[in-house]
Amino acid sequence: MAQAATASAGHGEIDEHHWTSTGLDTRKLAIWGFIGSECLFFASLIATYLVYRGKSLVGPLPHTESQCMMHGKMQACEAIFEIPLVTFGTAVLLFSSLFVVLALYGAQKGDRKMLITWLSATVLCGLFFVGMQVYEFYHFFHKGLGYSTNLFSSTFYTLTGFHGSHVTLGVIWLSTMLVLALRGKLPPEKALNLELAALYWHFVDVVWIVIFPVVYLMR
Amino acid sequence: MATSVLEHRAPAMPHAHPKTGLWSWITTVDHKRIGILYGATAFLFFLLGGLEALIIRLQLTGPNGKLVDPDTYNALFTMHGTTMIFLGVMPLSAMFFNYFIPLQIGARDVAFPRLNAFSYWVFLLGGIFINISFLVGAPPDGGWFGYANLTSSRVIPSTAAAPAPGLNIDFWVIGLQILGIASIAAALNFFVTIVNLRAPGMKMLRMPMFVWMSFVVQVLLLLAFPVITVALIYLMMDRNFGTSFFMPDGGGDPIMWQHLFWIFGHPEVYILILPAFGIASEILPVFSRKPLFGYTAMVFSGIFIGFVGFGVWSHHMFATGMGPFADTFFSLATMVIALPTGVKIFNWIGTIWGGSLRYTTAMMMAIAMVALFVIGGLSGVMHSSAPADLQQTDTYFIVAHFHYVLFGGAIFGLTAGAYYWWPKMFGRLLDEKLGKAHFWLMFLGMNATFFPMHILGLNGMPRRVYSYPEGLNFEFWNLIETVGAFVLAFSFLIFLVNIIKTWMGPRNAPADPWHGATLEWAIPSPPQEFNFPKLPQVGSSVPQWDARRAAGGHLPEPALVSGEGIHMPNPSFWPLMAAIGVNLTLGSLLFIRQLPYWYGLTLFGAAWLFVSVYKWAFEPAH
Numbered sequence: 207m208a209q210a211a212t213a214s215a216g217h218g219e220i221d222e223h224h225w226t227s228t229g230l231d232t233r234k235l236a237i238w239g240f241i242g243s244e245c246l247f248f249a250s251l252i253a254t255y256l257v258y259r260g261k262s263l264v265g266p267l268p269h270t271e272s273q274c275m276m277h278g279k280m281q282a283c284e285a286i287f288e289i290p291l292v293t294f295g296t297a298v299l300l301f302s303s304l305f306v307v308l309a310l311y312g313a314q315k316g317d318r319k320m321l322i323t324w325l326s327a328t329v330l331c332g333l334f335f336v337g338m339q340v341y342e343f344y345h346f347f348h349k350g351l352g353y354s355t356n357l358f359s360s361t362f363y364t365l366t367g368f369h370g371s372h373v374t375l376g377v378i379w380l381s382t383m384l385v386l387a388l389r390g391k392l393p394p395e396k397a398l399n400l401e402l403a404a405l406y407w408h409f410v411d412v413v414w415i416v417i418f419p420v421v422y423l424m425r
Numbered sequence: 003m004a005t006s007v008l009e010h011r012a013p014a015m016p017h018a019h020p021k022t023g024l025w026s027w028i029t030t031v032d033h034k035r036i037g038i039l040y041g042a043t044a045f046l047f048f049l050l051g052g053l054e055a056l057i058i059r060l061q062l063t064g065p066n067g068k069l070v071d072p073d074t075y076n077a078l079f080t081m082h083g084t085t086m087i088f089l090g091v092m093p094l095s096a097m098f099f100n101y102f103i104p105l106q107i108g109a110r111d112v113a114f115p116r117l118n119a120f121s122y123w124v125f126l127l128g129g130i131f132i133n134i135s136f137l138v139g140a141p142p143d144g145g146w147f148g149y150a151n152l153t154s155s156r157v158i159p160s161t162a163a164a165p166a167p168g169l170n171i172d173f174w175v176i177g178l179q180i181l182g183i184a185s186i187a188a189a190l191n192f193f194v195t196i197v198n199l200r201a202p203g204m205k206m207l208r209m210p211m212f213v214w215m216s217f218v219v220q221v222l223l224l225l226a227f228p229v230i231t232v233a234l235i236y237l238m239m240d241r242n243f244g245t246s247f248f249m250p251d252g253g254g255d256p257i258m259w260q261h262l263f264w265i266f267g268h269p270e271v272y273i274l275i276l277p278a279f280g281i282a283s284e285i286l287p288v289f290s291r292k293p294l295f296g297y298t299a300m301v302f303s304g305i306f307i308g309f310v311g312f313g314v315w316s317h318h319m320f321a322t323g324m325g326p327f328a329d330t331f332f333s334l335a336t337m338v339i340a341l342p343t344g345v346k347i348f349n350w351i352g353t354i355w356g357g358s359l360r361y362t363t364a365m366m367m368a369i370a371m372v373a374l375f376v377i378g379g380l381s382g383v384m385h386s387s388a389p390a391d392l393q394q395t396d397t398y399f400i401v402a403h404f405h406y407v408l409f410g411g412a413i414f415g416l417t418a419g420a421y422y423w424w425p426k427m428f429g430r431l432l433d434e435k436l437g438k439a440h441f442w443l444m445f446l447g448m449n450a451t452f453f454p455m456h457i458l459g460l461n462g463m464p465r466r467v468y469s470y471p472e473g474l475n476f477e478f479w480n481l482i483e484t485v486g487a488f489v490l491a492f493s494f495l496i497f498l499v500n501i502i503k504t505w506m507g508p509r510n511a512p513a514d515p516w517h518g519a520t521l522e523w524a525i526p527s528p529p530q531e532f533n534f535p536k537l538p539q540v541g542s543s544v545p546q547w548d549a550r551r552a553a554g555g556h557l558p559e560p561a562l563v564s565g566e567g568i569h570m571p572n573p574s575f576w577p578l579m580a581a582i583g584v585n586l587t588l589g590s591l592l593f594i595r596q597l598p599y600w601y602g603l604t605l606f607g608a609a610w611l612f613v614s615v616y617k618w619a620f621e622p623a624h
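From first to last, the protein sequence lines are chains V and X. Okay, so the first sequence: first residue is 207 according to our numbering, each after it adds one. Okay, so the second sequence: first residue is 3 according to our numbering, each after it adds one.
Below is the structure:
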C-alpha cells in the first residue's frame, strides 16, 4: 500500500521496473493464488475420502476389526491405524511451521546463525514426517492394506500420499534455501525467497491439520 | 514480419536479444510473441477439430452412413470435443489473454514471462501428445466427458476372455493432465498480472471489460482444474492399478466421476464463453461510439456468473436420478444463472441502442455473437427444468444448445476479436470485403448446421450414435446440416485467404484504426517489445477516449522510441526444457502398467524437469 500511495503522489517518481498496483510482491501473490488452487485439489481428495467412508466391501478397516483377504483366505484382521505414532508426526510437522517462522525472522534480521539453526530444524522435521509416512505405508501394506484392497485404502493412500509428496517437495525447496543460507546467499533483502517457501510450508501443514482429524480421529 | 520495425531500430536497442529467427521464438518470453504462438497453434488445432466435425457430418448425411465404422465415429466425436475445448477455444482465448491483458492494463509484460512461455510449450506438447494417439491407432473414444465406467474398465489383470483395453483412454487421461498443468500455470500468471501490474491509476473498476472477464476466467481455471486433476488421477488408478474409485464391483460409484468431472466441467463452460463476452464488450462500444452501458453491472454479473457457475454442475446429471432435493436445487441454481447473463445481454443492447454504428466485420461478428448466444442461452434455460431435461438428455437438442453457445458464442466472439485486434497485432488491417463474406457464410453455415439439430433432437435423434436407420424422418435435416457444415468450413477458408492476402499486403494499420477506448490503441501497431515507453497514467475506464478528447479529437501517431533504459526480461530456453520434462514425466505414465522398464523414463523425465526448474530458478531473469 505504501508503494501505491507514493506512486499516486506523483507520476514522475514511480520506479517503473518495480511498480505493482497493490504494493505486494508478485511472487507472493502467485504463491497465494497457487495455494488457493491447491485447496480445491485437496478438497477433492478429502471429499472423496469422506464420501467413500464406510463403503469398503472388505477389510482391513481404519478403526475396527474386519474380515479381510490374507494369504489367499478370508480371516479376521485388526484395525489398521496407530494413532500415537501419527499424533507424534503431526506434532512434529506443526512445530516445523513454528521453526520456519523463526528461520524467516533470522533471515529478515540478518541473523545467520538463527536462520541456519531453525531452517535445519524445519527440514529435519519435514524429513521425519516423510519418514514416518513411509514407515506407516510400509507397515499398513504388511498388515494387508494394498493400494487397491478396498475403497478405504485407495482413498487413504491417494490423499495422504499426495500430501506426503507435497511435504517432500517442501523439504526439497527448504533444503535449497538452506544450502543458499549456508553459502551466505540469503541476505535480509532476499528473505522474501524464504518467505515464499515458508508460505507453501504453512499451507502443507494446514492441510494436514484437516487430514489428521478427518482421517485418523473421526470414527 | 511483425519484427521488421524492430529491426530498423536494432542499433539503438540497449541489449542484444536476437530479434528474428527460430531460436528467438523458441526462447521468447515476450507476451506478444507467446500470444501469436498460442494463436497460430490453436488455430491449427481448431482446423483439425473442424476436419473431425466434417467427417462426422459426412457420416450422418444420409441414413445408414458407411463412411466410418462405429469405433472410428466414437474417436471422432471424442476428439472433436476434446480438441475444440482444450486445444481450440481455450488457447485461442489464451492468445488474447497473452497479447491484450498486458496492453490493456498498461503493463510491459505479464508477471512471470518465463512461466508464460512454459505454459505455451506444455500446451503445445500436450496437444501433440493427445493427437499422436491417432498415429498409433488408439485415439480416445470415451467422449470428452469420459464417463466412468465406460472409461474406468481395468487394464489389469487381462485374460483371454477379458482382454485389456487399448491405450485410447490413457492418451486422453494423460493428455488432459498435461494440458491442465499448462492451464493452471497460465491462470496463475494472468491472475497475478491483472491484480498487480495495472498501470498507475487503473483501479479494478477502471479495467477494460475484456480484462475483467479474463480475470474471472483465471479464477475459474485456478479453482476448477484441480478437481479434474483429481478425477483423472482416480481414473488412471482404476485403469492401471485395480482400484475401485468408479467401479461398482469394489464398492465405488461411477456417478462419483460425473460429480468430479462436472464440478470442473461446468465452470469450464464459463471459461470458454466469458472471454468472448469480454471481447464483445470491447467491440460493441467502440463501433457504437458509446461507452459500455452499465459497466459496473457488467462487472458484477460476470463475477456472479463465475461464482454461481460452481453451484450448477449437477444439471448435467439430471438423468442419473439424484432425487427431488438435488434436482430442485440444481434447477433453481441454473435458472438463477440466467439472470446475470440476461443483465449482460440487455447491457449490450443498451450499448448499441442509439449509437452511431459502424458495421465492420468485427462489429457484425460481435452482434451475431450476442444474438446466437441468446438462442443457446434460451435452450439452456429449458434444460434447467429437470423434467424437460430428461426428455432432451442425450438427444441432438443438447448438441444444438451447446453449439449455439460455444460456436455462436465463443467462436463468433473470438473471431470478432481477431478482426478487431489483427491490426494491433500485425500492423495490417484484415480485408473488410473478405471479412464480410466470411461473416455471412459463417453466420449462414452456423445456423444451417446447428439449428436443425433442435428439431432432430426433439424428434428423438440420439447423439453419439454413428448412424440412423431410414424412415425416421431424420434424412432431410441431416442433409441440411452437412451442407451447413461445409459452408462453415468454406467461410474459414475465406478467413485463411484473408489472412494470407493481408500478410502479403502492405502495413496499413495506424496505431488506432477504430478509435478505440483502451490503452492498447495508444501505442504503435504492432507494439514495440516494451509496449509502453512510459507507464501510462489512467483516469477512467476509457483512457484512450480521454486522450482523444483532450487532444481535440485528433491524436498524432505515437512515435517509435529507442527504449533505452527499459529492462525487458531475458530470453530463456528453460521453459521449453521444463515443458519437455513435464511431458516426459507424465507421458511415460501411458505405459505405467509395463513395469519396470517405463518407470525408468518417468524417473528420467522427473530428473530432466528437476534440472530444468533449478536452471530456470537460478538464471537471471533480467
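The beta carbon of each residue, even a glycine, is placed where N, CA and C say it ideally should be.
- Out of X/N191, X/Q106, X/L190 and X/G148, the CA that lies nearest to the CA of X/N170 is found in X/G148.
- Contact between the region 297-316 of chain X and the region 213-231 of chain X is present: three or more C-beta pairs spanning the two stretches fall below 8 Å.
- Secondary-structure assignment with DSSP links X/P464 through a beta bridge to X/T397.
- The residue among V/L392, V/L423 and V/G352 with its C-alpha nearest the C-alpha of X/M239 is V/G352.
- Non-local beta-carbon contacts of V/L365 in its own chain, meaning distances under 6 Å to residues more than five positions away in sequence, involve L251 and Y255 in chain order.
- Of all residues in the region 272-292 of chain V, none places a beta-carbon less than 8 Å from a beta-carbon of chain X.
- Relative to X/L225, the option among V/T226, V/I241, V/K234 and V/L235 whose CA is nearest is V/I241.
- If you draw a straight line from the Cα of X/G415 to the Cα of X/K34, it comes to about 20 Å.
- Buried is the label assigned to X/H317, since at least 16 other Cβ atoms lie within 10 Å of its Cβ.
- In this structure, X/P104 is the residue among X/F575, X/I57 and X/P104 with its C-alpha nearest to the C-alpha of X/N533.
- When secondary structure is reduced to three states using DSSP, V/S272 falls in the strand class.
- Taking a cut-off of 8 Å for Cβ pairs, the region 105-115 of chain X and the region 172-181 of chain X do not touch, as fewer than three such pairs fall below it.
- Just measuring C-alpha positions, the residue of X/Y122, X/W146 and X/M204 sitting nearest X/A189 is X/Y122.
- Interface flag for X/F217 against chain V is unset, since no Cβ pair is found closer than 8 Å.
- Counting every other CB atom within 10 Å of its CB across the protein chains shown gives X/T484 a total of 16 or more, marking it as buried.
- Annotation: X/A491 to X/F497 spans about 10 Å, alpha carbon to alpha carbon.
- Here the region 57-64 of chain X makes no contact with the region 91-105 of chain X; the two share fewer than three CB pairs at distances below 8 Å.
- Between V/G370 and V/V336, the C-beta spacing is below 8 Å.
- Taking a beta-carbon distance threshold of 8 Å, X/M238 does not count as an interface residue toward chain V.
- Its Cα nearest to that of X/P622, the residue X/P573 stands out among X/W259, X/P573, X/F428 and X/L481.
- Our two residues, X/M365 and X/Y421, have alpha carbons roughly 9 Å apart in a direct line.
- Looking from the CA of X/D73, the closest CA among X/G108, X/M337, X/P141 and X/V372 belongs to X/P141.
- When the alpha-carbon of V/A404 is set against those of V/T382, V/F248 and V/V421, the nearest one is in V/T382.
- Not one beta carbon of chain V lies nearer than 8 Å to the beta carbon of X/I273.
- In this structure, X/I36 places its C-beta atom within 8 Å of the C-beta atom of X/N100.
- Cβ neighbours of X/E477 within its own chain (closer than 8 Å, five residues either side excluded): G64 and P65.
- The straight-line gap separating the alpha-carbon atoms of X/E284 and X/I87 is approximately 23 Å.
- Residue pairing from DSSP leaves V/C245 without any beta-bridge partner.
- Non-local beta-carbon contacts of V/Q339 in its own chain, meaning distances under 7 Å to residues more than five positions away in sequence, involve T366 and G370 in chain order.
- The beta carbon of V/E395 does not come within 8 Å of any beta carbon belonging to chain X, so the residue lies off that interface.
- Inter-residue distance for V/Y258 and X/G244 is about 16 Å (C-alpha atoms, whole angstroms).
- Membership of V/M280 in the beta strand (DSSP E) is indicated by the continuous run K279 to C283.
- Taking C-beta atoms under 8 Å as the contact rule, X/W618 and X/P577 qualify, at a distance of about 7 Å.
- Taking the beta carbon of X/T245 as reference, the chain V residues within 8 Å of it are Y353, S354 and S360, listed in sequence order.
- Listed in chain order, the alpha helix (DSSP H) runs fully inside the region 300-375 of chain V are 318-348, counting runs of at least 4 residues.
- Residue state for X/S564 is assigned as coil, using DSSP reduced to three classes.
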